[in-house]
Amino acid sequence: MALMNRTMTILLSLISLLALCSILPSSLAFASGSSDGYTINGRVKIPGFSLEGSGLEAKASDVKVILNSGQQVTFLRPDGYFSFHNVPAGTHLIEVSTIGYFFSPVRVDVSARNPGKVQAALTENRRSLSELALEPLRDEQYYEMREPFSVMSLVKSPMGLMVGFMLVVMFLMPKLVENMDPEEIRKAQEEMRSQGVPSLSSLLPGAQRSN
Amino acid sequence: MAKITAFFLLLCIIFFSSCYNTFALYEDQVGLMDWHQQYIGKVKKAVFQTQKAGRKRVVVSTEENAIAALDLRHGEIFWRLILGVNDAIDEIDIALGKYVVTLSSGGSVLRAWNLPDGQMIWESFLLGSKPSRSLLLTPTNFGANKDNVILVYSNGCLHAVSSIDGDILWKKDLAQNGMDVQHLVHPEESDTIYTLGIGDTQFEAYVISVRNGEVLKHSNMEFPGGFSGDLLLPTSDKAVVLDSSGSTLVSISFVGGEIKFQKFQISDLQGYSGVAVLLPSKLAGMVAVKIDRSLLFAKVKAEGTLEVVDTVPGVEAVSDSLTFADGQTAFGLIQQDGGKIQLTVKSSDDWKSHFLKESIEVDQQRGLVHKIFINNYVRTDRTYGFRALIVMEDHSLLLLQQGAVVWNREDALASIIDVTTSELPVQKDGVSVAKVEHNLFEWLKGHLLKLKATLMIATPDDLAAVLQIRLQSAEKSKMTRDHNGFRKLLIVLTRAGKLFALHTGDGRIVWSRLLTTFRKSGTCESPRGLKLYQWQVPHHHALDENPSVLVVGTCGHNSDASGILSFVDAYKGEELNYLAPTRSIALVIPLPFTDSTEQRLHLIIDAEGYGHLYPRTPEAVDIFQKELGNIYWYSVDINNNLLKGHVVKKNCKEEIADDGYCFESSDLWSVVFPSDSEKIIATSTRILSEVVHTQAKVNADQDVLYKYISKNVLFLATVTPKAMGNIGSVTPDDSWLYVYLVDTITGRVLLRMSHHGCQGPVHAVFSENWVVYHYFNLRAHRYEMSVVEIYDQSRADNKDVLKLVLGKHNLSAPVSSYARPEVMTKSQSYFFSHSVKAVAVTSTAKGITSKQLLIGTIGDQVLALDKRFLDPRRTLNPTQAEKEEGIIPLTDTLPIMPQAYVTHALKVEGLRSIITIPAKLESTTLVFAHGVDLFFTRLAPSKTYDSLTDDFNYALLLLTIVALVIAIFVTWIWSEKKELQEKWR
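Chains as they are written, first to last, in my numbering: chain S, 4 to 214; chain F, 9 to 993.
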């Protein structure tokens, strides 16, 4: 009797499995069962990126899809789809590597009990996906942008500042001197004559005294 | 006046702060400090694609799991794809004239790639019942409607796959009776195929319909003598195999499924001795049997008999047959005598004639020819010419055409085992380097062009000239030592046993040498390199001598296989000396002592635990004897979960070795990890040459922390046995990751920490007093990085000023592992987005510059991450004082800034390791990343604070000074005039 029961349950489970399998193609085939593992199917969508391989610098052949940090590596088909075969049930991690785009790794649950179930989530922002369509989170710009030429940048450069200082001394200093008290100028001139060649160090204490 | 001084000061400040320029790469700076080289690895199979007009190319599969299309004219890579590590390529072919078809992963994955650009067209997964050899057949003419079938035999099943979309048309299981299927044969213009296989004593043939996979006929026949080796197929209806004694060739006719054997005795031949081996080359109507060093060619006649045509001595390689126009077939064979290669292309129909006989000089450092692939082309006078692609012992790839080497590729560099560096010679006064030096005029011209570029008045031609000058700066590729220490030699050891010296300036090969001790020989069956050490680094009193490196290798894959030691001059690449085969090598310890000629002492520990001292001089023994009892080492036994500490005690007993260079060691301590709950998966230690600038770390609140700095701390990670597998094979509850910090002198465990729900792989890097490790967190299902910092508590009370004054501090006490100081550890974890292949840390000459972690990501890029992001003192809301100190507010994820990729928009395909070398300039470190590709660059983790950058504009500085001087004169003249006027008034 016990034996009978067991065969019955096996039969039932077989039937249910068959039923599930027949539903599979109609729903989105995300993970399908096979003899010793499951298949994960998905696609990579990159906006503004021709997958048919036109003359752009980024090509679909440069995109690698990696399962569990290198357990399996696959490439994209021209339509952007990829698949991993013979994957055991469990929770897996899929990473997409391509130059110029940042993809979030995706956790994918392959369930042994109901092989048609879609279970995927981006690990970066915990957003769950209804289908395994991977899109880059952001573009990656590897180079610093050169600032366009401006007069300010030239002025701000050390040389520009030196020249600027020179101009200030040349044109503003005489103005300052003009605004000074004539007596003070005479005093300063006398001092200069007594000291010979004026220098910055001799000017500074004089300035202090004048305050 | 006070205003003016303030202004002047401000100007100074601005001037110095603007010197401190930002350091992310601009696009036009690519190639200035970095270089990138692409390789493919040792070629396994090659298919030519030259029929159509247009670019002639050859498609190759390699041992690095690469598929590449190479330009036949120059050897450049058109496109290249690197498959996964477990995805070894078995077969490669071209289907429909436009797809490259590859069979990989033990015959379970069939992929088609677009021939012009390498785009994957389709992929099929072929399931089978049991492992078998993998065969791929892409027939060309099945008639009009069956033109697109690819036949694959793998894992015991025969599959017919549509070459247009990869659909499996039918599948036939042939694995039932243990037959080893070795050939798929498609007779011309039929829609049946034969699968031929041999068991131990029987030959078996299936005739299968291509249309639906139906077995039309199955026949087998016993052969009493039994078979050995592989089955060969010289014609489409006859097979040839050796019998089990190796002395009889058996030709098997199987036409229509009727099997007939015919024997042919090799032993009857004159001068026959040794063992006969059938060469696996596919020759039309012929077989090649290797006996000793010569090759015997036998023709298979129509009635199935064999006839010996010729015996050719000294043949290194034979190509497969090539069928070209009007049904002629030819094959190439290579005879070699040292550096002289003789290429002969023979017709398989008429032995006496040959199409080509050429003698070519090849660099002797390339060793023997391993493989040859031939291809034909039509000359201008309508005769046929031949080109040959040869794979050498050193993994290089050469194209021979018209008696010359057209191009070569040094593909040994795709499999680097270890790297070390050597300084270049010092620039001496009599040595002329004039050919690379600029004269002053050119220098000025270059800077004027630069100035024009800065002022935006340069024409596109000028801009191109500027770029050219910067890229081809002779300064960076000189063969002498430079002031900043940027120019060095990178000495790399490759899997082929070839040693290369690369110049860090432009990556060119300075010299290369195939080490004789690393070549296959009778005493050393499978030599392989292990490590490189700096053997002699001349400093003060031995400056006249060239530096040399020690190459360590082993003869086999067991731990007790005999070792190989080779000493190589780092400037010339000459092998100075070698010791092979020696005792087994378990560990090489470079000791911190050098002898009078600056040779470093090395202690080599063998599998039995005895230490052998090198160099073998009495002086070395004298130095070593003084330190006897101070030499400690540890061993990690992964199989037995054991960590052991050893000390070198005394000279060996006489029965082991009486040469005086052998030393006995004894066990000091051991740490046993319970094997039912922990398995060792990773270890890491500090790099011996690392320099630490200061032990003290001052906090924002003027508190002092003392780093626990010891060269003898080992980081070790274990996981629960269940978590040993891949991600997805274990639930978080069953998985634990433990990390340990162990003092390797005393065996003291400084720290044990557990991470629940985490698993490997663990990648760790140890530097100064901290360790950073990368692992997988199963609960969050993300990768994590943790940092652990160790501080010495016993010195914590040194901050008392009174004690310092009274001399009661212990700052000057020597660091000893036996002191057992109190340690304090701080730790923090962060999420990290990517999987990691390698982790390294920048190293600088004095250790003052702040550190950056170099993370080799799964996408084969190298990311530089400031150590400040991995600081256990990070908090969510740092105080003002902490912010000033440079503590970044805590975030749960480590930031990935695209500008921080040191590889910028390049990939180091198949990345394996990252090496950092300090430059003489304290701010700068040299980075070398290698895998299938090589990448080198220069990094300044805290920006180049100690030198002006390369693009500093000297011309602008000069111009400014000149302008200022003129201005001074002008104003002087003005003031003179004014003074004169005043006086006249």
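Using N, Cα and C, we set each Cβ at its ideal position, and we do this for glycine too.
Item, Value
"Residues of chain F with CB closer than 9 Å to the CB of residue 79/S, please, in chain order.", "127, 128"
"Can you give me the C-alpha to C-alpha distance between residue 98/S and residue 108/S, rounded to a whole angstrom?", "5 Å"
"Residues of the stretch 908–928 of chain F with a CB closer than 7 Å to any CB of chain S: list them in chain order, please.", "909, 912, 913, 915"
"Taking a cut of 8 Å between CB atoms, which residues from the stretch 64–79 of chain S lie near chain F?", "64, 67, 69, 71, 72, 73, 74, 75, 76, 77, 78, 79"
"So, at 7 Å on beta carbons, what are the nonlocal neighbours of residue 417/F in its own chain, with the 5 sequence-adjacent residues on each side left out?", "83, 404, 405"
"Out of 224/F, 218/F, 232/F, 208/F, point me to the one whose CA is closest to residue 239/F's CA.", "208/F"
"Within the stretch 171–238 of chain F, note down every full beta strand (DSSP E) run reaching 3 residues or more, in order along the chain.", "176–181, 188–193, 200–206, 210–217, 223–230"
"For residue 531/F, does the count of other Cβ atoms within 10 angstroms reach 16, so buried, or fall short, so exposed?", "exposed"
"List, in chain order, every chain F residue whose beta-carbon is nearer than 7 Å to that of residue 144/S.", "906"
"Are the beta-carbon atoms belonging to residue 213/F and residue 262/F less than 9 Å from one another?", "yes"
"Can you find a CB in chain F that lies within less than 9 Å of the CB of residue 44/S?", "no"
"Using the DSSP secondary-structure output, state which residues sit across from residue 762/F in a beta bridge.", "746/F"
"When Cβ atoms are compared, which residues of the stretch 826–853 of chain F fall closer than 9 Å to chain S?", "839, 841, 842, 843, 844, 845"
"Any chance the stretch 111–118 of chain S sits against the stretch 878–890 of chain F, with 3 or more Cβ pairs inside 8 Å?", "no"
"If you draw a straight line from the C-alpha of residue 494/F to the C-alpha of residue 924/F, how long is it?", "12 Å"
"Taking the beta carbon of residue 129/S as the centre, do at least 16 other beta carbons fall within 10 Å, making it buried, or is it exposed?", "exposed"
"Grouping DSSP H, G and I as helix and E and B as strand, with all else coil, what is residue 455/F?", "helix"
"Below 8 Å, is the gap between the Cβ of residue 629/F and the nearest heavy atom of the ligand PLP?", "In the structure on display, the ligand PLP does not appear, and there are no ligands present to speak of."
"Here's the rule I'm using: 16 or more other beta-carbon atoms within 10 Å means buried, otherwise exposed. How should residue 294/F be labelled?", "buried"
"Mapping the DSSP letters down to three states, classify residue 616/F as helix, strand or coil.", "coil"
"Around the Cβ of residue 170/S, are there at least 16 other Cβ atoms within 10 angstroms (buried) or fewer (exposed)?", "exposed"
"Between which two residues does the alpha helix (DSSP H) containing residue 778/F stretch?", "Looking at the DSSP string, residue 778/F is not in any alpha helix (DSSP H); the run it does join, the beta strand (DSSP E), is 778–785."
"Applying a beta-carbon distance threshold of less than 9 Å, which residues of chain F neighbour residue 166/S?", "968, 971, 972, 975"
"Could you name the residues of the same chain whose beta carbon sits closer than 8 Å to that of residue 575/F, not counting the 5 residues immediately before and after it, in chain order?", "543, 556, 557, 558, 559, 583, 584, 585, 586"
"Okay, do the stretch 761–777 of chain F and the stretch 796–805 of chain F touch, 3+ Cβ pairs below 8 Å being the bar?", "yes"
"Let's see if you can read the secondary structure: which residues bound the alpha helix (DSSP H) around residue 519/F?", "No alpha helix (DSSP H) contains residue 519/F, which is instead part of the beta strand (DSSP E) from 517–522."
"Just the chain F side, please: which residues come within less than 9 Å of residue 127/S by C-beta, in chain order?", "790, 839, 841, 901"
"In whole angstroms, what is the alpha-carbon distance linking residue 251/F and residue 561/F?", "38 Å"
"Would you call the stretch 86–96 of chain S and the stretch 97–110 of chain F touching, i.e. three or more CB-CB distances under 8 Å?", "no"
"According to DSSP, is residue 16/F helix, strand or coil?", "With a pLDDT of 46 at residue 16/F, under the threshold of 50, the modelled position of that residue is not reliable, and no figure is offered here."
"Please give the ranges of any beta strand (DSSP E) in the stretch 99–148 of chain S, keeping only runs that are unbroken, at least 3 residues long and fully inside the region.", "109–113, 123–125"
"In the DSSP output, what is residue 310/F paired with across the bridge?", "DSSP lists no partner for residue 310/F."
"Could you check which residue in 922/F, 612/F, 659/F, 644/F has the C-alpha nearest to that of residue 634/F?", "659/F"
"Residue range of the alpha helix (DSSP H) that residue 504/F falls in?", "From DSSP, residue 504/F is part of no alpha helix (DSSP H); its letter is neither H nor E."
"Cα separation between residue 929/F and residue 944/F?", "17 Å"
"With distances taken Cα to Cα, identify the nearest neighbour of residue 932/F among 492/F, 740/F, 292/F, 321/F.", "492/F"
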